[in-house]
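K.L.:
Quick one: structure below, then a few questions.
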């Protein structure tokens, strides 16, 4: 118990939680935008892999860090375009297309990696984004290191949540996106193009997923490994449900999951960790997330037209 | 009219639209003047909705042109129709249920790239329109929480908010109580008073006569007549609509038989958004038709599910022919001699991909003569099906045809045959003629009346008050899961029943008591 208290009172724990949450926040916002428009994007896992690789590779090839983030964004949007075209105008199964995009993006990434770096045994390192402590605020206890001594990409993740909220609830564009996920017929009857809105949402969302992946190679770490994304995309899909399709609640979910993850690493170092198999600790954030998901999402309002293709002029 | 030079509000010229071999609209031309209400009258499948969908840009016509206020309308773009001043109130509301009224109304009225939208201004304008046109509705309520009548007001507000000059209403009264219909007509009169033009689509003759100045009749995709409302009557219109005279169903008075179905203070739970039953008491005797009137979604589904064995009473008692039931289930209902004509013939009436034979024996395949010692006897099943096809005039290539290839009317005849050939004691007829043309409708009614004459007890659930009043010996009204007492045939006017449909009947009864 004392050990737990020590962990929770250390600034490094909170800083780690926010750091672990950052890629989840980007990708969760991306998935949320897609689902709000009515498209389930199971390409998320693969798009994160592609984004992680693309950003890192761009920097390794000589581009700056921010141009590298832009490259990741562009690669994500390209996969989003593939997903959107297949699921929206062609109306194919969103599950099949999504898993297909994940396989395609993952395989294309590994292929490109092998082509670009045929002889390396250990992947080369880049100089990642450095932490940017904010004067005065970063000296606050606990929340200082957690919120004000992170890399710029983490700040951007929080800004992204704010932007997504404002756009969804305060602009005509966001209204159209939400309506497209509720009743595409209503959108069409008001003279808007459901196809354009949905493809646009999937592209924007996929771009954010890729930036989430790029966070791993360009901010959290400085290199690219296979298996690096390691199921984070699937977690984000659960986080969208946990957040009841609302950006603020989804952010909370991402922080909660990341907090459990940071906690379990530290619990492994305690005397308790010596007695229990470490796999139990690894499973902890997932178990707790499932419990929280069940508790939180029971009364959530699913976008009514989620996974429902819209065919113009159909009787 | 404002001088001969002004072009009409709307001119359709020789609009033709085919769906495969079916000609849905065959060279239809019509004009709509400014400040005029015309009614588009026709049976289901006559092509009314197709024509309006072309006008609104949901479909593209194969040939023909449309001009709005003299300007040609580019085909296939709802945005163009909206910009030209056409507002459409769809039969199936085009609303996003989790969004508020205000959000539904302003959707698409601003450029998607506009940074914000001005909620205060939008709210003020909606309030103004609500006052001007008598369309009271809370702008901040999610549309999913509104009543059907309120949702329709939102649809009209959507059109008015965009300054529509032509309002098209597709079967707007199908879901309204008589009182709500009156309110809608008042709104339309105000709209016309402000110079709007209205196209009112319906198959209800008295409404058409009440609201329109000119009536255009469609039949099988063709325009078959155009008359001024003052020069015609229900009888003539019905004949134009169907192509021949329509006999009213003849319901001979007959003695009630023994009590066959009794519900005593039955309660069932709410399911999803559907209300359950609240203390429903009902007595139904052989040789009688009990009509259940009401606006859809007021417990009809729960009542039908209870009778057909899908739902069990949470409280109260259900008796069949004087005996209480235990272990109530669909199979128990079939065994108890209940014939079931379900509301949705595609979802619960049959299996679309299965053959007519398979569908015809769905309820008795386990028992002789259809099967014996666990083995199907397909020749017997097929002979049974052929007999149903012949007796009930099911138009089809043969018993091996998949059900989905049949038209709605023929599917309904097959289901009717399946039910009636089992000689049920009790028949649950839930919306038995929804979507049928007059020919099939008349046939279904005749068959139900024949079953009544043979002594069956029939529970007829319908949202069409005219149908209920024409056929029922006793009329009950269902509202929010409560069932009114039974009113004998002819003892209540439509307006009185409308009060019960709106849920005021119980209050009135309590005041009187």
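Chains as they are written, first to last, in this note's numbering: chain W, 941 to 1255; chain A, 46 to 558. Yeah, the Cβ is synthetic: ideal placement off N, Cα and C, and Gly gets one too.
I'd like the ranges of any beta strand (DSSP E) spanning at least 3 consecutive residues and lying wholly in the segment 70-155 of chain A.
P.N.:
Qualifying beta strand (DSSP E) stretches, in chain order: 82-86, 108-113 and 131-134.
K.L.:
Specify, as a first and last residue, the run of the beta strand (DSSP E) that residue 1251/W falls within.
P.N.:
By 1-based counting over the first chain, the position of residue 1251/W is 311. Note, residue 1251/W: premise wrong, no beta strand (DSSP E); not H, not E.
K.L.:
List, in order along the chain, the chain A residues whose C-beta lies closer than 8 Å to that of residue 1116/W?
P.N.:
Against the first chain, residue 1116/W aligns to sequence position 176. The answer, in chain order, is 152, 153 and 157.
K.L.:
Take residue 58/A and list the residues in its own chain whose beta-carbon comes closer than 7 Å to its own, dropping the five residues that flank it on each side.
P.N.:
Indexing the second chain from 1 puts residue 58/A at position 13. The residues are 74, 109 and 110.
K.L.:
What do you get for residue 1212/W, buried or exposed, if any count of 16 or more other CB atoms within 10 angstroms of its CB means buried?
P.N.:
Here residue 1212/W corresponds to residue number 272 of the first chain, with the count starting at 1. Residue 1212/W should be labelled exposed.
K.L.:
What is the DSSP secondary structure of residue 435/A, counted as helix, strand or coil?
P.N.:
If you number the second chain from 1, residue 435/A lands on position 390. Three-state DSSP puts residue 435/A in a helix.
K.L.:
Per the contact definition of three or more C-beta pairs closer than 8 Å, is the segment 168-188 of chain A in contact with the segment 1151-1165 of chain W?
P.N.:
Not touching, per the Cβ criterion.
K.L.:
Using a Cβ distance threshold of 8 Å, determine whether the segment 1231-1246 of chain W contacts the segment 1164-1182 of chain W, with at least three qualifying pairs required.
P.N.:
The segment 1231-1246 of chain W is in contact with the segment 1164-1182 of chain W.
K.L.:
Could one say the Cβ of residue 65/A lies closer than 8 Å to chain W's Cβ atoms, at least one of them?
P.N.:
Residue mapping note: residue 65/A aligns to position 20 of the second chain, counting from 1. No, because no Cβ of chain W sits closer than 8 Å to the Cβ of residue 65/A.
K.L.:
Under the DSSP definition of a beta bridge, which residues are partnered with residue 505/A?
P.N.:
In the second chain, counting from the first residue as 1, residue 505/A sits at position 460. DSSP output for residue 505/A lists 336/A and 474/A as bridge partner(s).
K.L.:
Please list, in chain order, the chain A residues whose beta carbon lies closer than 7 Å to that of residue 1128/W.
P.N.:
Residue 1128/W sits at position 188 when you count from the first residue of the first chain. In chain order: 123.
K.L.:
Which residues in the same chain have their Cβ closer than 8 Å to the Cβ of residue 949/W, if we skip the five residues on either side of it in sequence?
P.N.:
For the purposes of this step, residue 949/W is taken as residue 9 along the first chain, with counting starting at 1. The answer, listed in chain order, is 1082.
K.L.:
Quick check: is the beta carbon of residue 555/A nearer than 8 Å to any beta carbon in chain W?
P.N.:
Residue numbering aside, residue 555/A sits at position 510 when the second chain is read from its first letter. Residue placement at residue 555/A is flagged as unreliable, the pLDDT there being 46, under the threshold of 50; the coordinate-derived value follows with that caveat. It does not; no Cβ of chain W falls within 8 Å.
K.L.:
Does the ligand PLP have a heavy atom nearer than 7 Å to the CB of residue 1001/W?
P.N.:
As presented, the structure is devoid of all ligands, the ligand PLP included, so that no description of it is given.
K.L.:
Would you check if the segment 301-312 of chain A and the segment 329-349 of chain A touch, i.e. whether three or more CB-CB distances between them fall below 8 Å?
P.N.:
The segment 329-349 of chain A vs the segment 301-312 of chain A: in contact.
K.L.:
Please go through the same chain and pick out, in chain order, the residues whose beta-carbon is closer than 7 Å to the beta-carbon of residue 496/A, but skip the five residues on each side of it.
P.N.:
Taking the first residue of the second chain as 1, we reach residue 496/A at position 451. Cβ neighbours of residue 496/A beyond the five flanking positions: 465, 472 and 503.
K.L.:
Under 7 Å Cβ to Cβ from residue 247/A, same chain only, skipping five residues before and after it: list those, please.
P.N.:
Numbered from its first residue, the second chain carries residue 247/A at position 202. The answer, listed in chain order, is 84, 86, 216, 218 and 253.
K.L.:
Does the beta-carbon of residue 160/A have 16 or more other beta-carbons within 10 angstroms, so that it is buried, or is it exposed?
P.N.:
Taking the first residue of the second chain as 1, we reach residue 160/A at position 115. By the 10 Å Cβ count, residue 160/A comes out exposed.
K.L.:
Determine the extent of the alpha helix (DSSP H) in which residue 252/A is found, giving its start and end residues.
P.N.:
Reading the second chain from its first residue, position 207 is the one you call residue 252/A. Start and end: 250-256.
K.L.:
Since residue 162/A meets chain W, which of its residues come closer than 9 Å, beta carbon to beta carbon?
P.N.:
Against the second chain, residue 162/A aligns to sequence position 117. The contacting residues are 1110, 1111, 1112 and 1115.
K.L.:
Short of 6 Å in beta carbon distance, which residues of its chain neighbour residue 1029/W, apart from the five on each side in sequence? Order them along the chain.
P.N.:
For the purposes of this step, residue 1029/W is taken as the residue at position 89 of the first chain. Hits under 6 Å: 1135.
K.L.:
If you check the beta carbons only, do residue 1018/W and residue 1173/W fall under 8 Å apart?
P.N.:
Taking the first residue of the first chain as 1, we reach residue 1018/W at position 78. Taking the first residue of the first chain as 1, we reach residue 1173/W at position 233. Going by C-beta atoms, residue 1018/W is not nearer than 8 Å to residue 1173/W.
K.L.:
Report the CB separation of residue 1244/W from residue 143/A in whole angstroms; it is logged as a contact under 8 Å.
P.N.:
Here residue 1244/W refers to the residue found at position 304 when the first chain is read from its first residue. Here residue 143/A refers to the residue found at position 98 when the second chain is read from its first residue. Going by Cβ atoms, the distance from residue 1244/W to residue 143/A rounds to 7 Å, so yes, they are a contact pair.
K.L.:
In three-state terms, what does DSSP make of residue 356/A?
P.N.:
Mapped onto the second chain, residue 356/A falls at position 311. Coil at residue 356/A, not helix or strand.
K.L.:
Taking the alpha-carbon of residue 535/A as reference, which of 172/A, 400/A and 521/A has the nearest alpha-carbon?
P.N.:
Here residue 535/A refers to the residue found at position 490 when the second chain is read from its first residue. Among 172/A, 400/A and 521/A, the Cα nearest to that of residue 535/A belongs to 521/A.
K.L.:
Please list, in chain order, the chain W residues whose beta carbon lies closer than 8 Å to that of residue 149/A.
P.N.:
The count along the second chain starts at 1 and reaches residue 149/A at position 104. Per Cβ cutoff of 8 Å: 1119 and 1126.
K.L.:
So, helix, strand or coil for residue 310/A, using DSSP?
P.N.:
Reading the second chain from its first residue, position 265 is the one you call residue 310/A. Reduced to three states, the DSSP call for residue 310/A is strand.
K.L.:
List, in chain order, every chain A residue whose beta-carbon is nearer than 7 Å to that of residue 1131/W.
P.N.:
Within the first chain, the letter at position 191 stands for residue 1131/W. Chain A residues near residue 1131/W: 123, 124, 127 and 153.
K.L.:
Whose C-alpha, out of 1170/W, 1087/W, 1196/W and 1120/W, is nearest the C-alpha of residue 1246/W?
P.N.:
Here residue 1246/W corresponds to residue number 306 of the first chain, with the count starting at 1. Nearest option by C-alpha distance: 1120/W.
K.L.:
How should residue 1023/W be labelled, buried or exposed, when 16 other C-beta atoms within 10 angstroms of its C-beta is the threshold for buried?
P.N.:
Position 83 of the first chain, counted from the start, is the residue given in the question as residue 1023/W. The residue in question, residue 1023/W, is buried, as its Cβ has 16 or more Cβ neighbours within 10 Å.
K.L.:
Beta-carbon of residue 931/W versus every beta-carbon of chain A: anything under 8 Å?
P.N.:
Any answer about residue 931/W is impossible in this case: the structure gives chain W only from 941 up to 1255.
K.L.:
Is the distance from the Cβ of residue 439/A to the Cβ of residue 453/A below 8 Å?
P.N.:
Mapped onto the second chain, residue 439/A falls at position 394. Mapped onto the second chain, residue 453/A falls at position 408. Against a cut-off of 8 Å, the Cβ pair of residue 453/A and residue 439/A comes out as no contact.
K.L.:
Quick one: measure Cβ to Cβ for residue 326/A and residue 308/A, integer angstroms, because I've assumed they're closer than 8 Å.
P.N.:
Against the second chain, residue 326/A aligns to sequence position 281. Against the second chain, residue 308/A aligns to sequence position 263. Contact holds; Cβ gap of about 6 Å.
K.L.:
Following the continuous alpha helix (DSSP H) through residue 10/A, name the residue where it begins and the one where it ends.
P.N.:
Any property of residue 10/A remains undetermined from this structure, which presents chain A solely from 46 to 558.
K.L.:
Ignore the nearest five residues each way along the sequence and tell me which others in residue 1078/W's own chain have a CB closer than 6 Å to its CB.
P.N.:
Taking the first chain and counting its residues from 1, the one referred to as residue 1078/W is at position 138. Same-chain partners within the cutoff: 1084, 1088 and 1089.
K.L.:
Does residue 280/A have its Cβ less than 8 Å from a Cβ in chain W?
P.N.:
Within the second chain, numbered from 1, the residue matching residue 280/A stands at position 235. Chain W, which has no Cβ nearer than 8 Å to the Cβ of residue 280/A, makes this no.
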